[in-house]
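Protein chains in written order, with this note's numbering: chain B, 1 to 301; chain R, 1 to 832. Ideal Cβ positions, reconstructed from N, Cα and C, are used throughout, including at glycine. Only one structure is covered here, and it is reproduced in the block below.
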Amino acid sequence: MVHILEISRMTTHNGPGYRTNVHFMGCPLACMWCSTPESQSFEGLGFNPARCIACSACVAACPTGALAGAPGEAAALDRSRCVLCYRCTQECDSGALWKYGKPYTRDQLLAEIMKDKIFFKHSGGGVTLSGGECLLRVDDEMEALYAAVHEAGVTIGVDTCGCVPWGHIERILPYTDFFLWDIKLLDPDRHRELTGADNQLILDNLRKLSFLYDIDLYIRYPLIPGINDTDEDIMELCLYLQSLAEFRELHYLPFHHLGRNRYLYCGKPYQMEDAKRQTQERLLHICTLTSEFGIPCRVVG
Amino acid sequence: MDTTVKVDPHTIGSWQETFERTCSDRVKAAVKRAVRTPEICLDHARAELAVSKSMEGQEVPRIKYRATVYKKYLEDRKIFISDGELIVGHVTSKLRGSPIFADLAMGFFANELDHPEYDFQTRPFDAHIIHEEERRELREELIPYFKDNTLEDLIYSTDEQDVLEKGFAKTAKCKHIPNFADLMTTVDAGHTFVNYEKVLKIGLNGIREEAVMFKKRNAQSYIHFLSGKKEEFYDAVIMVLDAAIAHTQRYSRLAADMAEKESDPKRKAELLEVSRIVAKVPAWPAESWHEALQAMWFIQMLLLCEQVNWGDSFGRFDQYMYPYYKKSVEEDQSMTREEALELLELFFVKASEFTELYDYVGALVQIGFPISQNMCIGGQTQDGRDACNEVTMLVLDAEEQVGLIQPEIAFRIWKGTPYEYLRRAVEVVRLGRGKPKFYGDRVALEMVRTAYPYLTEEELRDYAVIGCIELGIPHISNEFSCTGISNIAKCLDVVLHNGRCSLCGEMIGLETGDPRSFKTFDEFKAAFRKQMFYSTEIIMKAIKVEMECQAKWNHSPFASSLLEGPLEKGTDLIEGGAIDSSFGIQCIGSANTSDSLTVIQKLIYDEKKITWDELLKAIDDDWVGHERLQQMVINAAPKYGNDDDYADANMAWVLDNWYDSIDEGNQHKELFPFYGGRYKGLIALGNAGCSMGEDVGALPDGRKSTVPLADGFSPVQGRDVNGPTAILKSISKLPNGRFEEGTLLNQRLTPSLLATDEDIDKFVTYLRAMEELGIFHVQFNIVDSKVLKAALAEPEKYKDLLVRVASYTAYYVELDPVTQQDIINRTEQGGW
Chain B
1 MVHILEISRM TTHNGPGYRT NVHFMGCPLA CMWCSTPESQ SFEGLGFNPA
51 RCIACSACVA ACPTGALAGA PGEAAALDRS RCVLCYRCTQ ECDSGALWKY
101 GKPYTRDQLL AEIMKDKIFF KHSGGGVTLS GGECLLRVDD EMEALYAAVH
151 EAGVTIGVDT CGCVPWGHIE RILPYTDFFL WDIKLLDPDR HRELTGADNQ
201 LILDNLRKLS FLYDIDLYIR YPLIPGINDT DEDIMELCLY LQSLAEFREL
251 HYLPFHHLGR NRYLYCGKPY QMEDAKRQTQ ERLLHICTLT SEFGIPCRVV
301 G
Chain R
1 MDTTVKVDPH TIGSWQETFE RTCSDRVKAA VKRAVRTPEI CLDHARAELA
51 VSKSMEGQEV PRIKYRATVY KKYLEDRKIF ISDGELIVGH VTSKLRGSPI
101 FADLAMGFFA NELDHPEYDF QTRPFDAHII HEEERRELRE ELIPYFKDNT
151 LEDLIYSTDE QDVLEKGFAK TAKCKHIPNF ADLMTTVDAG HTFVNYEKVL
201 KIGLNGIREE AVMFKKRNAQ SYIHFLSGKK EEFYDAVIMV LDAAIAHTQR
251 YSRLAADMAE KESDPKRKAE LLEVSRIVAK VPAWPAESWH EALQAMWFIQ
301 MLLLCEQVNW GDSFGRFDQY MYPYYKKSVE EDQSMTREEA LELLELFFVK
351 ASEFTELYDY VGALVQIGFP ISQNMCIGGQ TQDGRDACNE VTMLVLDAEE
401 QVGLIQPEIA FRIWKGTPYE YLRRAVEVVR LGRGKPKFYG DRVALEMVRT
451 AYPYLTEEEL RDYAVIGCIE LGIPHISNEF SCTGISNIAK CLDVVLHNGR
501 CSLCGEMIGL ETGDPRSFKT FDEFKAAFRK QMFYSTEIIM KAIKVEMECQ
551 AKWNHSPFAS SLLEGPLEKG TDLIEGGAID SSFGIQCIGS ANTSDSLTVI
601 QKLIYDEKKI TWDELLKAID DDWVGHERLQ QMVINAAPKY GNDDDYADAN
651 MAWVLDNWYD SIDEGNQHKE LFPFYGGRYK GLIALGNAGC SMGEDVGALP
701 DGRKSTVPLA DGFSPVQGRD VNGPTAILKS ISKLPNGRFE EGTLLNQRLT
751 PSLLATDEDI DKFVTYLRAM EELGIFHVQF NIVDSKVLKA ALAEPEKYKD
801 LLVRVASYTA YYVELDPVTQ QDIINRTEQG GW
């Protein structure tokens with residue numbers, strides 16, 4: 001059984017062709033700009049007050065008094081009192097309260113992935129496993145899933161932050177067609193400060209993968225305003241990437257606010273309110289700068 | 001409403017806004033001229049009045065009357081040639097006009113002209129300019145003379161009570177009946193592909209010779225059966241062909257006169273060339289690209305002068321036009337590709353210079369000046385090779401440059417369609433006009449195989465599209481595709497209330513039992529099936545009445561002479577003269593019905609989460625006070641359109657069982673007009689989801705009373721959450737091959753999905769998958785809700801913003817507020 005945040009079909013930005021993107025729950029990092037903050041844990045309670053129809057059924061169901069509100073009054077959630085029993089989600093008909101992470105058996109997930117097989121065939125697409133962090137838990141069950149997808153003739157892309165034991169990567173490598181490998185910051189201290197984890201493992205794994213294995217590798221670099229998007233940051237990144245073996249392409253992911261509401265739903269504070277997407281001119285400049293290092297790159301998203 | 005919307009050129013609608021036309025100034029001027037509010041033109045009604053008065057007291061066969069009116073109209077009507085035109089001919093005396101046919105329209109004119117709500121000039125959709133003197137003429141002369149002697153009067157004077165009470169919305173006691181057979185009470189047939197190819201080859205004079213030959217053969221034949229009636233037909237054909245040829249000569253003289261007065265030597269030469277060409281075609285065979293295009297437009301114009309015409313279509317344009325292109329551009333090199341393109345662009349503009357005016361209800365079910373001249377391109381040749389050629393590409397190029405409301409472009413795709421054509425088509429799609437529409441050969445061939453069992457595979461490969469999305473075979477099909485609408489969401493509503501209308505309490509259906517009494521889901525489905533069969537039978541009875549009246553009224557000798565069948569049989573197309581006549585019944589409301597069935601199956605029968613009492617009480621209260629239950633039915637049951645087998649199976653069941661009722665009807669000869677034919681089901685029709693929704697009470701899928709139903713067989717608005725591929729997958733599970741006359745799918749996509757070159761390439765593969773999945777038709781609305789909202793706030797700036805309204809393209813700002821809002825509400829498929 002694996003826990004999935006969501007499955008997006010027909011995505012165009014996660015590798016070649018049209019791809020079904022599977023978001024796993026759980027992540028070793030907690031980046032402050034994360035656009036799926038709810039996937040940082042393996043489970044959680046989602047609450048969208050805008051969908052509440054004020055029936056107060058959840059209030060009656062809550063054993064700890066975390067939910068309050070009389071009938072006719074929108075429910076209010078006090079997360080400090082919530083023990084994640086999810087009884088409220090069973091009572092909520094409007095979809096205002098829900099449990100993050102839907103359990104799938106291997107067969108169920110495989111069936112979901114296979115639904116778009118005809119589009120994979122024509123477009124050269126497949127599945128991209130993403131997160132959260134899809135490599136956080138790699139057990140027999142997970143390996144069997146990779147094997148089954150591979151066996152079914154569907155290409156597998158792994159979108160990873162790389163902050164996982166090398167053994168996890170090694171285990172799924174035989175079935176994997178390409179990696180989308182995130183790099184956020186090269187400075188270890190700032191990495192620890194802004195993502196909650198060291199980047200040593202990430203860079204070690206990447207080096208190993210790059211030099212020891214012949215596999216399509218795309219580097220992904222989210223451009224976070226004021227954090228890693230100055231010219232110096234880009235040049236530092238490029239110098240580092242030059243030290244790797246050849247890879248397919250560097251993808252710059254411009255900043256966006258599409259995850260803003262998700263913070264509201266999972267009850268986390270949104271810290272990126274003032275950030276602005278890089279302008280077209282700025283993105284062009286970044287690409288030009290990168291090209292000077294002989295690194296193939298483009299803007300995705 | 002947010003009125004301060006700003007469009008971000010980097011993300012939204014950018015292709016539409018940053019697209020710059022590279023066509024000639026002549027084409028730009030023509031395009032600009034054609035974008036205007038239509039006016040009415042009374043010339044045809046005046047001809048009818050004059051002829052009627054001259055024939056008063058005489059027993060004149062109806063066909064002779066119609067032919068005489070045609071002749072009179074063509075002799076008297078005002079003709080003109082606009083600045084810079086190289087392809088000439090207008091359907092009416094106005095730049096963009098609707099011809100008014102008095103003995104079809106004066107009934108509703110009497111009710112709607114000057115009406116505070118319905119008046120044609122002030123109604124919220126499809127408004128027409130009517131000048132004061134025209135109003136006076138209508139009020140004082142035309143309405144009084146014709147108003148009680150129209151086709152409608154003939155139809156509604158039937159003594160079939162069942163049909164009057166339950167088949168026609170206009171005469172029904174309950175205004176919410178599931179049957180609507182009123183669409184052809186004020187119009188002609190107009191759903192054919194005439195044999196343009198033949199006229200290009202032998203000219204109208206050649207057709208006339210054939211008519212004379214058939215007339216002689218009839219006179220000499222020892223078979224006297226109906227020979228007098230046939231004689232009348234041939235006489236009428238010869239009369240209208242003579243009138244048509246004489247009319248083209250009027251244009252030739254006009255062009256020559258204008259040339260004489262023209263001071264600019266360049267324009268003078270152009271006018272002289274126009275004069276030469278129209279003197280020659282379509283009377284005589286065409287021999288060049290320019291002549292062929294002019295001949296094509298004249299034929300179309302002459303057809304439109306004969307009938308109130310919805311959908312006469314061009315058939316496989318790129319196939320029969322290619323020889324002329326090849327000759328002029330490749331062999332003679334008498335013109336360049338650019339010049340050939342300019343002429344085609346001017347031809348496209350002509351197709352947008354006329355409209356049709358419908359009565360309030362007729363316009364409401366198909367908002368947006370619904371004329372549909374489909375131009376079919378691509379596909380396969382008769383021997384199964386790819387059919388794309390340089391004209392295919394030229395059509396796509398012209399559409400990109402012109403981008404007006406007409407013509408429709410139907411791009412047939414099959415596994416052998418070359419990449420470069422598909423790619424070019426997607427580039428046009430991303431301009432957001434909903435054109436071209438795509439048709440998949442795989443399932444289309446299956447559909448025509450069922451509909452035309454007597455044709456060979458080679459002949460079937462020549463299929464083309466008429467009107468909205470109707471499948472037909474060129475030259476032989478007469479698709480009366482709008483004869484009836486079957487609102488199956490209303491059938492469900494009626495079953496839920498044991499035969500009664502939920503809105504007015506009238507008994508309008510079968511008593512199938514109280515839903516509470518059904519022990520199993522299958523019992524409930526059986527009751528619903530019975531109700532659908534009952535409804536279909538009534539519609540067919542109404543269609544029989546309607547079409548037999550049409551057969552007495554709407555003779556079209558000119559159109560008949562250009563089809564295969566009528567000349568040989570000596571029978572007008574309206575009396576079954578075509579080789580294949582069929583009657584289309586449209587299925588409306590299937591997605592809401594299917595989602596409702598899923599709720600009933602899952603929550604009442606499978607999981608027993610709710611009871612019939614609760615559900616029936618909730619829909620009777622229009623969900624007010626039952627908000628929790630409403631949320632449960634919306635969220636706890638799967639929905640059609642998400643590639644969910646449970647939900648999709650119900651949709652397949654609904655369509656299969658509805659189609660069973662069509663097939664059942666086809667077994668009963670007594671349900672057909674005297675000349676026979678075939679009933680065919682289709683899912684198309686304009687805006688019917690909105691207007692038919694007004695007749696349907698609250699449904700178990702959570703829909704509130706009287707709000708719009710889903711259009712076509714698209715998923716219910718906002719209930720499809722898995723993106724476009726899931727919708728195609730859901731549809732691929734439906735009995736598409738049974739829908740002999742076609743199905744319609746709208747997909748609305750955000751412009752960002754087609755932003756880059758790579759995105760366009762990916763989209764080409766999407767179309768290939770669509771064809772392989774056996775989807776018949778798909779059209780794309782590529783426009784963002786921000787643009788739509790901006791257009792609502794500042795309609796003046798968005799006069800030319802085109803959107804898809806179900807099966808055709810319309811100017812967004814010309815739509816009524818409810819439809820405008822509905823388009824915004826439709827799920828925005830930004831999933832990727």
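When rounded, the separation of the alpha-carbon atoms in residue 1/B and residue 127/B is 18 Å. Closer than 8 Å to the CB of residue 57/B there is at least one CB belonging to chain R. An exposed status is given to residue 332/R, since fewer than 16 other beta-carbon atoms sit within 10 Å of its beta-carbon.
Under the 8 Å Cβ criterion, the stretch 320-327 of chain R does not count as touching the stretch 234-254 of chain R, having fewer than three qualifying pairs.
Taking a contact to require three or more Cβ pairs closer than 8 Å, the stretch 754-771 of chain R and the stretch 458-470 of chain R do not qualify as touching.
Taking all protein chains shown into account, residue 504/R has fewer than 16 neighbouring C-beta atoms within 10 Å of its C-beta and is therefore exposed. For residue 181/B, the enclosing beta strand (DSSP E) has its first and last residue at 178-182. Taking a Cβ-Cβ threshold of 8 Å, the residues of chain R close to residue 17/B are 762 and 765, in chain order. By the criterion of a C-beta distance shorter than 6 Å, residue 470/R is surrounded in its chain by 479, 481, 741 and 742, once the five residues flanking it on both sides are discounted. Residues of chain B with a Cβ closer than 8 Å to the Cβ of residue 768/R are, in chain order, 122. For the pair residue 542/R and residue 187/R, the CB atoms are not nearer than the 8 Å cut-off. Restricting attention to 660/R, 525/R, 337/R and 264/R, the CA atom closest to the CA of residue 605/R is found in 525/R. The count of Cβ pairs closer than 8 Å, one atom from the stretch 404-419 of chain R and one from the stretch 335-344 of chain R, stays below three, leaving the stretches out of contact. Residue 375/R has 315/R and 409/R as its beta-bridge partners, per DSSP. Closest in C-alpha terms to residue 228/R, from the list 685/R, 215/R and 240/R, comes 215/R. Only residues of its own chain outside the window of five on either side were considered, and among them 176 and 490 have a CB closer than 6 Å to the CB of residue 695/R, listed in chain order. The beta-carbon of residue 12/B is placed less than 8 Å from the nearest beta-carbon of chain R. Contact between the stretch 196-206 of chain R and the stretch 293-301 of chain R is present, with at least three C-beta pairs closer than 8 Å. Counting C-beta pairs with one atom in each stretch, the stretch 221-236 of chain R and the stretch 578-596 of chain R have fewer than three that are closer than 8 Å, which means they do not touch. Rounded to the nearest angstrom, the gap between the Cα atoms of residue 47/R and residue 468/R is 31 Å. Boundaries of the beta strand (DSSP E) harbouring residue 102/B: 102-104, taken from the DSSP string. Below the 8 Å Cβ cutoff, chain R contributes 725, 765, 766 and 769 as neighbours of residue 119/B, in chain order.
Straight through space, the alpha carbons of residue 373/R and residue 40/R are spaced by roughly 20 Å. Closer than 8 Å to the CB of residue 635/R there is at least one CB belonging to chain B. Residues of the stretch 91-102 of chain B whose Cβ lies closer than 7 Å to any Cβ of chain R, in chain order: 93, 94 and 95.
Membership of residue 476/R in any beta strand (DSSP E) is not indicated, and neither H nor E is assigned to it by DSSP.
The Cβ atoms of residue 403/R and residue 433/R lie closer than 8 Å to each other. For residue 115/B, the closest Cβ of chain R is nearer than 8 Å. In the DSSP annotation of this structure, residue 596/R is not part of any beta strand (DSSP E); the continuous alpha helix (DSSP H) holding it starts and ends at 590-599.
Identification of residues in the stretch 200-220 of chain B having a C-beta nearer than 9 Å to some C-beta of chain R yields an empty set.
For the C-beta of residue 632/R, the chain B residues within less than 9 Å are, from N- to C-terminus, 93 and 94. One finds 627, 628 and 631 in chain R with Cβ atoms closer than 8 Å to the Cβ of residue 53/B, taken in chain order. The C-alpha of residue 655/R is placed about 58 Å away from the C-alpha of residue 237/B. Scanning the stretch 538-597 of chain R from its first residue to its last, the whole alpha helix (DSSP H) runs of 4-plus residues come out as 557-561 and 566-569. Residues of the stretch 771-792 of chain R that bring their beta carbon within less than 8 Å of a beta carbon in chain B comprise 772 and 773, in sequence order.
In this structure, 547/R is the residue among 49/R, 547/R, 681/R and 815/R with its C-alpha nearest to the C-alpha of residue 674/R.
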